[in-house]
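Each number in the numbering used here corresponds to the 1-based position in the sequence shown with 280 added.
Glycine included, every Cβ here is placed at the ideal spot set by N, Cα and C.
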Amino acid sequence: MKRLYCMAALALAATLPAMAQDTGDDSRRFTAERVFDLEYATSPRISPDGSKIVYVRHSMDIRKDQDRGDLWIIDVKTGQQRPLVNGGSSASSPVWSPDGTRLLYSTSNDGKPELRLLYLDSGDSFSLAQLEEGASGAKWSPNGEMIAFSMFVAEDKPSFATPIDQPEGAEWNEPVKVYDDLTFRFDGAGYLEDGYDQVFVLSADGGSPRQITDDEGGFSPPVWLDDDTLLASGNLDEDRDMQPVESEIYAIELSDQSVRPLTSRVGPDYGPVVSPDGETIAFRGYDDEVMAYQQANLYLMDADGSNVRELAADLDREFGQLEWAQNGRSLYSLIENAGNMDVFEIGMNGATSIAITGLGGTSIGRPYAGADFSVSDTNRPVFAYTAGSPNTPSEVAVAGRNVDDRVLTALNADVIPYLDMARIEEIKVSSSADGREIEAWVALPPNFTADGSFPMILEIHGGPFAMYGPFFAAEIQRYAAEGYVTVWSNPRGSTGYGEEFAQLIDKKYPGNDYDDLMSVVDELVARDYVDEDRLFITGGSGGGILTAWTVTKTDRFAAAASIKPVINWMTMGLASDIGVYVNKHWIGANPWDEPEKFLALSPINYVGNVTTPTLMMVGEEDYRTPAWEAEQFYSGLKQNGVDTALIRVPGSPHYIASRPSRLIAKTDNIMGWFEMYDPALEDEDEASETDAE
């Protein structure tokens with residue numbers, strides 16, 4: 281009977297733990313359907329004069345099961361907002377013209393990607409170009425007359441034979457597909473066409489895009505150095521397939537279409553931003569020491585590529601999005617900082633300070649550090665940014681020296697104030713491995729009391745070089761709403777705590793990050809927050825491998841759910857879309873030369889130790905941690921007589937939560953699995969059966 285019930289529970293996308301079904305009024309509970317009520321903001325773009333903000337307002341289309349975006353505009357002084365582009369296809373990537381009179385954005389028309397230009401004074405818009413492929417990173421030229429972007433250009437497919445002609449009306453098999461590149465499929469893109477992203481320019485009056493580059497290897501979206509020169513990063517090395525992190529910054533001349541490298545070191549150089557006077561280029565990169573993780577440092581060079589120098593070398597954090605101050609005396613960078621997302625100001629002398637804090641909220645599923653900001657062209661800078669909080673997704677906020685710092689939107693004011701949301705608490709523990717401080721956060725259910733009776737879910741982040749924080753996450757709120765004390769943390773290997781902390785797992789992942797996680801669990805048990813017999817564990821991607829690794833080392837968890845994991849580093853290194861990077865940077869060997877290095881870190885090597893009931897879940901179109909990774913562990917558990925089940929998510933890439941229904945299916949099936957093995961619920965069932973007799 282239990283097995284039959286298990287199969288029925290896993291077939292439902294909204295299975296609710298029995299402990300939460302009797303909590304009373306569902307109208308105040310963060311139920312599965314509430315995911316479709318959520319809205320959030322991204323891409324807040326402030327006008328050059330600092331008076332207005334255009335942003336993408338995201339909502340969940342329940343009929344199409346999609347996250348859609350509309351463009352809204354806010355008056356900074358009054359806070360009034362109104363829709364700018366809405367009701368049709370989703371819109372994204374707004375970019376103000378240099379004079380602030382026009383807005384460029386991306387959308388689609390009859391399924392084809394489209395660049396459109398909107399006149400702010402009249403509200404009129406027109407299509408600059410309907411494109412066969414999507415345009416990436418469109419940017420205005422300094423004089424506002426041209427637009428540059430990158431776009432995929434297909435090349436001839438390799439072939440060794442010419443197919444013979446089919447008879448009219450014949451139903452032959454599709455022609456064979458030939459691949460001869462090392463990377464022939466990629467997560468989210470599927471099996472790849474031959475070709476590369478090339479640089480294009482287009483008149484701001486519309487017309488036909490002009491292709492500027494035609495280089496094997498391709499380029500990132502370009503930026504303008506001046507009205508006749510573009511900058512873009514790319515990997516044009518003949519051996520680029522075996523150099524997965526290599527890139528240089530190139531100057532691309534429109535007049536003669538020449539391409540000239542401005543950087544030349546071994547390692548990535550990317551993300552150029554040009555100073556207001558056009559004399560200096562800021563960029564990010566590092567000297568490749570072939571490690572699993574290296575922080576992106578900040579550099580300056582003159583416009584011709586000379587006089588390269590590092591800036592703010594003493595700041596032990598990775599530099600993110602860069603923007604220049606209008607006076608050219610400082611830069612602003614979005615930086616992960618010990619669980620927070622902050623905008624730092626970096627002076628030309630290397631001095632650093634926090635200009636804005638409290639960013640975040642753009643990662644709706646799990647509490648990842650996601651944020652965005654922009655800065656005006658005024659002498660007194662005005663910032664628009666995404667503000668995050670533990671109980672609300674991202675809102676649009678403004679800050680600056682001549683404005684009132686405040687949050688301008690309340691996109692979920694019609695929903696969240698009327699729900700019983702989890703209370704978020706920060707904790708810090710000393711790792712049992714070496715005493716290092718590990719930061720974590722706990723979501724406490726609305727009816728929580730520290731009486732040692734609550735079940736616990738340990739939710740582990742992926743990456744592994746990523747950062748969780750005290751940000752809103754629908755998955756966390758779902759777990760807490762159903763009665764689980766839910767904890768997430770940043771074990772060693774996480775970013776935001778300095779390069780040395782992240783590199784502690786170099787060539788030894790999984791490793792002592794396991795001890796960090798168990799120390800967090802120990803702390804919750806010691807605080808009497810949870811029942812040590814009702815512990816559960818889950819995580820996706822890097823969190824999936826750590827979940828699988830954990831159940832090979834301990835039986836303390838009542839059940840586990842390993843989501844899109846790495847299970848076998850040998851197959852990961854040979855068949856993943858990032859296989860070369862895995863072999864070279866994460867393991868430091870080839871699987872045919874030193875298989876023992878791969879197996880020593882692979883959960884499949886220890887599957888015989890597992891007794892914990894373990895659910896496996898993966899997207900059917902996941903090429904980052906392909907389905908066969910989860911299937912290997914599932915098969916091993918089955919052959920060893922361990923309770924397990926395999927969930928394949930149709931149509932899903934690695935990012936399962938890319939559609940609202942998938943997010944719901946993921947969390948609620950995980951809770952359905954945990955319910956099956958919750959000792960407290962088993963005791964209740966046995967008591968009910970005894971009473972019935």
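Under the 8 Å Cβ criterion, the segment 446–465 does not count as touching the segment 507–514, having fewer than three qualifying pairs. Taking the CA atoms as reference points, R564 sits about 57 Å from G449. In its chain, beyond the 5 residues on either side, A677, V678, A679 have a beta carbon closer than 8 Å to the beta carbon of D685. DSSP places G824 within a helical segment (H, G or I) once states are collapsed to three. Note on geometry: alpha-carbon atoms of P374 and S416 lie some 12 Å from one another. The C-alpha of W829 lies about 22 Å from the C-alpha of G715.
Contact between the segment 417–434 and the segment 461–480 is present: three or more C-beta pairs spanning the two stretches fall below 8 Å. Ranked by how close their Cα comes to the Cα of Y935, the residues E603, K844, A576 have K844 in first place. Counting only the Cα atoms, S483 lies some 12 Å from N423.
CA-CA distance, Y794 to A782, rounds to 14 Å.
Inter-segment contact for the segment 758–771 and the segment 725–745 is present: three or more beta-carbon pairs are separated by less than 8 Å.
Taking the C-beta atoms as reference points, L398 is found nearer than 8 Å to V365. With distances taken between CA atoms, I718 lies nearest to G619 out of F816, G619, P670, N889. By the CB criterion at 8 Å, T632 and A592 fall inside the cutoff. Around the beta carbon of F913, 16 or more other beta carbons lie within 10 angstroms, which makes this residue buried.
Here Y573 carries a coil assignment [DSSP, helix/strand/coil]. Residue state for V922 is assigned as coil, using DSSP reduced to three classes. Runs of alpha helix (DSSP H) with 4 or more residues, each lying fully within the segment 871–958, are found at 875–880, 907–919, 940–956, listed in chain order. Y476 sits in a strand when the DSSP states are folded into three classes.
A residue is called buried once 16 or more other Cβ atoms fall within 10 Å of its Cβ, and V546, having fewer, is exposed. The straight-line gap separating the alpha-carbon atoms of F752 and M628 is approximately 35 Å.
The three-state reading of DSSP puts L961 in helix, counting H, G and I together. Under the rule that a run must span 3 or more residues, the beta strand (DSSP E) segments found entirely inside the segment 539–615 read 539–541, 549–554, 560–565, 577–582, 589–591, 602–604. Setting aside the 5 residues that flank it on each side, L595 is surrounded in the same chain by T632, each with a C-beta closer than 7 Å to its C-beta; the list follows chain order.
In the three-state reduction of the DSSP assignment, E454 falls in the coil class. Short of 7 Å from the beta carbon of Y320, and not among the five residues preceding or following it, lie these beta carbons of its own chain, in chain order: H338, G641, T642, I644, P673, S674, L691.
Rounded to the nearest angstrom, the gap between the Cα atoms of S386 and R465 is 26 Å.
Judged by beta-carbon spacing, Y764 lies beyond the 8 Å limit of I740, meaning their Cβ atoms are not closer than that value. As the crow flies, the alpha-carbon of T311 is around 43 Å from that of W604. Per DSSP, the continuous beta strand (DSSP E) segment holding E625 begins and ends at 620–627. Only residues of its own chain outside the window of five on either side were considered, and among them L614, M621, L639, G640, G641, T642, Y665, T666, G668, S674 have a CB closer than 8 Å to the CB of A651, listed in chain order. Beyond the five residues adjoining it in sequence on each side, A635 comes within less than 7 Å, by CB distance, of Y612, V623, F624, E625 in the same chain, given in chain order. Counting along the chain, no beta strand (DSSP E) covers E779; the unbroken alpha helix (DSSP H) around it starts and ends at 779–782. Under the 8 Å Cβ criterion, the segment 882–902 counts as touching the segment 916–933, having at least three qualifying pairs. Residue pairing for E717: DSSP places it in a beta bridge opposite S710. Bridge pairing for Q361: I354 [DSSP].
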